[in-house]
Amino acid sequence: MSNLRQLLPSAGNLIVFEAAGRHASFTKAARELGMTQAAVSYAIRALESQLGAKLFHRAHRAVSLTEAGRRFHADVSLGLSHIRKSAEDIRDRGRAASVTLAASTAFASLWMLPRLHRLRDDLPDIDLRIQTADRDLDIRTESIELGVRGGRPEDWPDYDSALIAPEVIEAVASAAYIEKHGLPESVEHLTQHRLIHLEEPFRSACDWKQWFLSAGVNGSTANRGLAINDYVLVIQAVMEGQGIALGWRHLTERLVSARLLQIVSGHTLETGAAFHVIWPKARTLTPQTAKVLDWLRKEGGTAAKPQT
């Protein structure tokens, strides 16, 4: 291999030679490659010295390939073309095997993370990348394949959507809180308990006032309690026994099943909205993205066709 390393010219010099021969100009090659004309000339001289043959005829403000240069240029061009195509194929396969899902931190933490082991088992050849942000990302301009949104399909006229879960909201607390403060006797009594409030900075979210109103209770006198602008921290505070919070069922049902949380009221608010996975209408889904989409729908408990 040492002899081969000594015989083969550097890849950089070959790339410079291919561009110079294609343009029949050191100046144009330099402009294409982001180099100086002097650097191109130096690379060509080094290549000629290594090969022991002239590759270009040099005239005033013009260059042309010699006979040896033409033969070598044909081989170099073909070789670089094969290398470029192979590299692009490998890169495209790598891109095709990965799918990015944009979602809120709450959805990623409380819905996706507990299911990732099943995703790896069901789709072992797909690399799922979860991208979170404080606000909903524009997945078209960000070139993200899929996004999770809460609302109704008409809210996203430029997107197709598939249902993951309806928006169902319950009041939840930890066993430690209930043991210390007892269960609320009614929705009205709940207003006197220590409440934890989500102050969502960017996304629209139901608050305690709306939840009480849906039960026919004036919640204006409700305990203000603790206010947090991150839903994951809200749930953590609930599990630490700091108070009672609103629980979005698709995010908290696993914690309720594990008895880390407990539903503390018979009243449930069904808003009519839902959480969907969305993608731009003008975009054709790759086979990998379609598999992830189908997996998300099934995990959400619906095998219905995507809503358009």
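Note that this note's numbering has the sequence shown beginning at 1088, numbered continuously upward.
Every residue, glycine too, gets a C-beta built ideally from N, C-alpha and C.
Query, Result
"Any non-hydrogen atom of the ligand GDP within 7 Å of I1170 CB", "You won't find the ligand GDP in this model; it holds no ligand whatsoever."
"Collapsed DSSP secondary structure at R1222 in the structure displayed", "coil"
"For I1365, three-class secondary structure by DSSP", "strand"
"Segment contact flag, the stretch 1213-1225 with the stretch 1183-1195, C-beta cutoff 8 Å, min 3 pairs", "yes"
"Local conformation of H1204 per DSSP, three classes", "helix"
"With 16 other Cβ atoms within 10 Å as the buried cut-off, status of I1251", "buried"
"Closest by C-alpha distance to V1274, when choosing among R1290, S1291, W1295", "W1295"
"Coil, strand or helix - A1262 by DSSP", "helix"
"R1341 vs V1255 beta-carbon contact at 8 Å", "no"
"Beta-carbon proximity list for V1321, same chain, < 7 Å, skipping 5 on both sides", "I1283, L1285, I1315, A1332"
"Cβ pair R1290, G1237 closer than 8 Å", "yes"
"Contacting residues, own chain, Cβ-Cβ under 7 Å from Y1318 (five flanking each side not counted)", "A1193, L1285"
"Backbone secondary structure at Q1297 - three-state DSSP", "helix"
"Minimum C-alpha distance to E1229 - residue among L1380, Q1375, W1366", "W1366"
"L1197 burial status per 10 Å Cβ neighbour count (16 or more: buried)", "buried"
"Own chain, CB closer than 7 Å to K1378, minus 5 neighbours either side, in chain order", "L1210, I1213"
"Alpha-carbon spacing of A1149 relative to S1168, whole angstroms", "26 Å"
"Nearest residue (CA-CA) to S1128, options E1327, A1107, V1163, G1166", "A1107"
"Contact under 8 Å by Cβ, L1101 with V1163", "yes"
"Rounded C-alpha distance that separates S1301 from T1339", "20 Å"
"Q1329 - DSSP class collapsed to helix/strand/coil", "coil"
"For L1277 and G1353, the rounded distance between their alpha carbons", "11 Å"
"Opposing strand residues paired with Q1349 [DSSP bridges]", "A1260"
"Nonlocal neighbours in the same chain, by C-beta distance under 8 Å from F1113, ignoring five residues either side", "A1107, Q1124, V1127, S1128, I1131, V1150"
"CB-CB length for G1306 against Y1264, believed under 8 Å", "In fact, because the Cβ distance is near 19 Å, the residues do not count as touching under 8 Å."
"CB contact flag (V1259, L1348, <8 Å)", "yes"
"Contact set for A1117: own chain, Cβ-Cβ below 8 Å, skip 5 residues either direction", "T1123, Q1124, A1126, V1127"
"Beta carbon of P1253 nearer than 8 Å to that of E1357", "yes"
"Where the beta strand (DSSP E) through L1134 begins and ends", "Where L1134 is concerned, there is no enclosing beta strand (DSSP E), although the alpha helix (DSSP H) it sits in stretches over 1124-1138."
"Check whether H1363 and A1195 have beta carbons under 8 Å apart", "no"
"Of the listed residues A1324, R1281, E1287, nearest to A1309 (C-alpha basis)", "R1281"
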